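*Asks:* Chains as they are written, first to last, in the working numbering: chain A, 16 to 341; chain B, 5 to 171. If you scroll down you'll find the structure; I have some questions about it.
Structural data, given as structure tokens:
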């Protein structure tokens with residue numbers, strides 16, 4: 016890694032030497048913009064960390080609670096809490112936004128820059144994933160699927176830098192699941208609202224309440240699957256940390272000064288966090304995105320789509336024929 | 005440091021859900037506008053450029069093949085022409101040689117005929133001259149022998165008969 020970076024820098028220096036002065040000036044400006052964009056990626060997360068450090072939770076120790084409340088806004092129905100989870104998810108969004116700007120800077124048709132390759136790979140693989148799983152008619156869903164994956168994965172991974180992962184707050188994941196539910200319903204209604212309503216009475220009218228129930232079960236199950244997985248990771252990590260603290264005190268507590276440091280907490284939690292934070296976070300993001308794709312594309316099947324397109328074409332042809340007769 | 009209240013571990017809040025929903029929608033638009041659109045625009049431009057290059061290459065190839073066929077045709081035509089020229093030259097040469105040969109033969113035979121004619125004439129002349137000589141001689145001799153003039157005309161006829169007999 017280091018070698019490649021130094022090699023890059025040396026080649027960069029060589030080209031800068033051979034280039035004319037105006038291009039060097041431009042590259043300096045480029046560098047400044049790059050630094051600003053990188054700062055845009057890192058600063059929101061730093062801000063979230065600082066905010067967390069400044070606000071100590073009321074209950075210290077091993078108590079497992081939800082997100083910290085930074086601000087309470089009184090609204091009808093329920094007060095709005097601006098919590099750690101909200102702030103962190105905004106920070107993640109800002110990071111993704113600046114990452115996008117950083118990756119898509121200086122895109123060239125014949126470019127082979129590292130950033131461009133990364134941007135192309137991300138876009139192409141998302142597009143391919145969506146086209147393979149949903150078909151070409153849902154190709155416009157690629158950015159949405161990418162957004163779900165990026166937001167979910169980076170939210171879960173934010174626990175690696177000590178932040179409260181937004182995905183372990185049920186409200187965050189519920190919001191996503193409800194948006195997905197809206198999209199599923201929209202896809203189902205593309206076959207006609209009446210057809211959609213009729214679908215509830217299939218295969219026998221007796222099953223209608225169960226069909227409605229299962230319709231609402233989709234977002235709820237998606238929410239709890241994602242939220243539960245991440246939260247369980249947080250819970251286990253916390254339990255493990257406290258257990259190791261207790262064990263450390265038991266084994267090394269008799270040594271003055273040295274024993275007061277929970278030595279056993281070093282190392283072992285990191286190994287567990289490979290699964291609970293990294294693997295589980297990325298896996299749940301992928302599962303959430305896959306479920307979204309599956310639910311949306313099964314909501315409106317290819318045959319229905321083709322039949323509808325054929326019907327529309329026939330109607331249009333009939334209209335055109337009528338217009339010609341006139 | 006602030007003492008901060010925390011939420012319960014599961015606490016449903018409608019506003020938070022709405023904000024999160026909006027967050028995902030906003031991120032969707034961010035990704036669409038700032039990642040997918042520029043990259044797809046670039047990919048489309050690349051596809052178009054590649055297509056254009058392919059088209060150019062194809063037309064260049066077609067042009068080259070066209071040129072090649074023209075050159076081949078020209079080459080074949082030149083070959084034919086050269087062969088024609090050679091054949092023409094050869095026939096002409098043959099004709100000329102035939103002509104020359106015929107001419108020469110004719111000339112030779114002409115010359116031969118003339119020579120023969122000359123020879124015949126010379127011979128005739130020689131014979132005549134001889135005849136005259138012989139006649140004169142015999143006349144002289146006869147004059148001398150007889151000693152008198154004889155009628156020349158009769159004499160000549162006599163000698164001619166005589167020579168005729170000699171012959």
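Ideal Cβ positions, reconstructed from N, Cα and C, are used throughout, including at glycine. All of these numbers come straight from a predicted model, not from anything done at the bench.
For the region 99 to 113 of chain A against the region 165 to 181 of chain A, do three or more pairs of beta-carbon atoms, one drawn from each stretch, fall closer than 8 Å, so that the two count as touching?
*Replies:* Output reads yes: the region 165 to 181 of chain A touches the region 99 to 113 of chain A.
*Asks:* Answer yes if the region 213 to 228 of chain A comes into contact with the region 271 to 291 of chain A, meaning at least three C-beta pairs across the two stretches below 8 Å, and no otherwise.
*Replies:* Verdict: no, contact absent.
*Asks:* Tell me the residue span of the beta strand (DSSP E) that contains residue 85 of chain A.
*Replies:* Position 70 of the first chain holds residue 85 of chain A. Segment 84 to 88, the beta strand (DSSP E) holding residue 85 of chain A.
*Asks:* Taking DSSP as the reference, what is the three-state secondary structure of residue 98 of chain A?
*Replies:* As a position in the first chain, residue 98 of chain A is number 83, starting the count at 1. It is a strand residue.
*Asks:* When we look at the beta-carbon of residue 36 of chain A and count the other beta-carbons within 10 Å, is it buried (16 or more) or exposed?
*Replies:* One-based indexing of the first chain puts residue 36 of chain A at position 21. Confidence at residue 36 of chain A is low in this model, with a pLDDT of 46, below 50, so the placement of that residue is unreliable and no value is reported for it.
*Asks:* Strictly below 7 Å CB to CB, what residues from chain A border residue 57 of chain B?
*Replies:* For the purposes of this step, residue 57 of chain B is identified with residue 53 of the second chain, where counting begins at 1. Here the premise fails: no neighbours, minimum Cβ distance about 11 Å.
*Asks:* Please return the same chain residues whose Cβ sits closer than 8 Å to the Cβ of residue 337 of chain A, not counting the five positions on each side in sequence.
*Replies:* Along the first chain, read from residue 1 onward, the residue named residue 337 of chain A stands at position 322. Cβ neighbours of residue 337 of chain A beyond the five flanking positions: none.
*Asks:* Taking a cut of 8 Å between CB atoms, which residues from the region 188 to 208 of chain A lie near chain B?
*Replies:* Under the 8 Å Cβ criterion, the region 188 to 208 of chain A contributes 188, 189, 190, 191, 193, 194.
*Asks:* Mind checking whether the beta-carbon of residue 33 of chain B lies closer than 8 Å to any heavy atom of the ligand FMN?
*Replies:* This structure lacks the ligand FMN, and indeed carries no ligand of any kind.
*Asks:* In chain order, which alpha helix (DSSP H) runs of at least 4 residues are fully inside the region 106 to 168 of chain A?
*Replies:* Qualifying alpha helix (DSSP H) stretches, in chain order: 129 to 149.
*Asks:* If you compare alpha carbons, which of A:292, A:328, A:57, A:190 is closest to residue 106 of chain A?
*Replies:* Walking along the first chain from the start, residue 106 of chain A turns up at place 91. Measuring from the Cα of residue 106 of chain A, the nearest candidate turns out to be A:57.
*Asks:* Can you pull out the residues from the region 124 to 137 of chain A whose beta carbon lies closer than 9 Å to at least one beta carbon of chain B?
*Replies:* 124, 125, 126, 131, 134, 135, 137
*Asks:* Residue 131 of chain B: which of B:76, B:13, B:164 sits nearest, CA to CA?
*Replies:* For the purposes of this step, residue 131 of chain B is identified with residue 127 of the second chain, where counting begins at 1. Distance check between residue 131 of chain B and each of B:76, B:13, B:164 places B:164 closest, using alpha-carbon atoms only.
*Asks:* Could you spell out where the alpha helix (DSSP H) holding residue 331 of chain A opens and where it closes?
*Replies:* Taking the first residue of the first chain as position 1, residue 331 of chain A is located at position 316. Counting along the chain, the alpha helix (DSSP H) containing residue 331 of chain A begins and ends at 317 to 340.
*Asks:* Please say whether residue 31 of chain B and residue 189 of chain A have beta carbons closer to each other than 9 Å?
*Replies:* Position 174 of the first chain holds residue 189 of chain A. Position 27 of the second chain holds residue 31 of chain B. No, Cβ-Cβ distance for residue 189 of chain A and residue 31 of chain B is not below 9 Å.
*Asks:* In terms of residue numbering, what span does the alpha helix (DSSP H) encompassing residue 260 of chain A cover?
*Replies:* For the purposes of this step, residue 260 of chain A is identified with residue 245 of the first chain, where counting begins at 1. Counting along the chain, the unbroken alpha helix (DSSP H) around residue 260 of chain A starts and ends at 223 to 267.
*Asks:* In the DSSP assignment, what residue or residues form a beta bridge with residue 10 of chain B?
*Replies:* As a first step, residue 10 of chain B is located in the second chain; it is residue number 6 there, counting from the start. Its beta-bridge partners are A:83.
*Asks:* Which residues of chain B have a Cβ atom closer than 9 Å to the Cβ of residue 277 of chain A, listed in chain order?
*Replies:* Against the first chain, residue 277 of chain A aligns to sequence position 262. None at all; the shortest Cβ gap to chain B is about 22 Å.
*Asks:* If residue 233 of chain A sits next to residue 310 of chain A, beta carbons under 8 Å apart, how far is it from one beta carbon to the other, in whole angstroms?
*Replies:* The residue labelled residue 233 of chain A in the question sits at position 218 within the first chain. The residue labelled residue 310 of chain A in the question sits at position 295 within the first chain. Their Cβ separation, rounded to whole angstroms, is 6 Å, which keeps residue 233 of chain A and residue 310 of chain A in contact under 8 Å.
*Asks:* Can you grab the Cα-Cα spacing for the pair residue 239 of chain A / residue 192 of chain A, in whole Å?
*Replies:* One-based indexing of the first chain puts residue 239 of chain A at position 224. One-based indexing of the first chain puts residue 192 of chain A at position 177. Each residue's alpha carbon lies about 10 Å from the other.
*Asks:* Based on the DSSP output, what are the partners of residue 27 of chain B in its beta bridges?
*Replies:* Sequence index remark: in the second chain, residue 27 of chain B carries index 23 (1-based). Residue 27 of chain B pairs with nothing; no bridge assigned.
*Asks:* Can you say whether residue 53 of chain A is buried or exposed, counting buried as having 16 or more other CB atoms within 10 angstroms of its CB?
*Replies:* Residue mapping note: residue 53 of chain A aligns to position 38 of the first chain, counting from 1. It is exposed - the Cβ of residue 53 of chain A has fewer than 16 other Cβ atoms within 10 Å.
*Asks:* Taking DSSP as the reference, what is the three-state secondary structure of residue 17 of chain B?
*Replies:* Position 13 of the second chain, counting from 1, holds the residue named residue 17 of chain B. Residue 17 of chain B falls in the coil class under three-state DSSP.
*Asks:* The alpha helix (DSSP H) with residue 313 of chain A in it runs from where to where?
*Replies:* Here residue 313 of chain A is taken as the residue at index 298 of the first chain, counted from 1. Its alpha helix (DSSP H) spans residues 295 to 314.
*Asks:* Buried or exposed: residue 236 of chain A, going by 16 or more other Cβ atoms within 10 Å of its Cβ?
*Replies:* Taking the first residue of the first chain as 1, we reach residue 236 of chain A at position 221. Classification for residue 236 of chain A: exposed.
*Asks:* Can you list, in chain order, the residues of its chain whose CB lies under 8 Å from that of residue 152 of chain A, leaving out five sequence neighbours each side?
*Replies:* For the purposes of this step, residue 152 of chain A is identified with residue 137 of the first chain, where counting begins at 1. The residues are 317, 320.
*Asks:* Flag this pair as yes or no: are the beta carbons of residue 166 of chain A and residue 28 of chain B separated by less than 9 Å?
*Replies:* Here residue 166 of chain A refers to the residue found at position 151 when the first chain is read from its first residue. Here residue 28 of chain B refers to the residue found at position 24 when the second chain is read from its first residue. Result yes, Cβ atoms of residue 166 of chain A and residue 28 of chain B sit closer than 9 Å.
*Asks:* Quick one: is residue 53 of chain B near chain A, going by C-beta distance under 9 Å?
*Replies:* Within the second chain, the letter at position 49 stands for residue 53 of chain B. At least one chain A Cβ lies under 9 Å of residue 53 of chain B.
*Asks:* What residues in the region 207 to 234 of chain A have a beta carbon less than 9 Å from any beta carbon of chain B?
*Replies:* none
*Asks:* Under 9 Å between beta-carbons, which chain B residues line up against residue 163 of chain A? List them in chain order, please.
*Replies:* Counting from 1 along the first chain, the entry for residue 163 of chain A is found at position 148. Correct list: 28, 31, 32.
*Asks:* Can the beta-carbon of residue 130 of chain A be found less than 9 Å from the beta-carbon of residue 118 of chain A?
*Replies:* Here residue 130 of chain A is taken as the residue at index 115 of the first chain, counted from 1. Here residue 118 of chain A is taken as the residue at index 103 of the first chain, counted from 1. Taking 9 Å as the Cβ cut-off, residue 130 of chain A and residue 118 of chain A qualify as a contacting pair.
*Asks:* Taking C-beta pairs closer than 7 Å, name the residues in chain A that residue 49 of chain B reaches, listed in chain order.
*Replies:* Numbered from its first residue, the second chain carries residue 49 of chain B at position 45. Under the 7 Å cutoff, chain A gives 124.
*Asks:* Spell out whether any CB of chain B is found under 9 Å from the CB atom of residue 185 of chain A.
*Replies:* Position 170 of the first chain, counted from the start, is the residue given in the question as residue 185 of chain A. Closer than 9 Å to some Cβ of chain B, the Cβ of residue 185 of chain A qualifies, so yes.
*Asks:* Quick check on residue 23 of chain B - is its C-beta less than 9 Å from some C-beta in chain A?
*Replies:* Position 19 of the second chain, counted from the first residue, corresponds to residue 23 of chain B. Closer than 9 Å to some Cβ of chain A, the Cβ of residue 23 of chain B qualifies, so yes.
*Asks:* Hey, residue 25 of chain B and residue 194 of chain A are a contact pair by Cβ (cut 8 Å); roughly how many whole angstroms apart?
*Replies:* Here residue 25 of chain B refers to the residue found at position 21 when the second chain is read from its first residue. Here residue 194 of chain A refers to the residue found at position 179 when the first chain is read from its first residue. 5 Å between Cβ atoms; contact.
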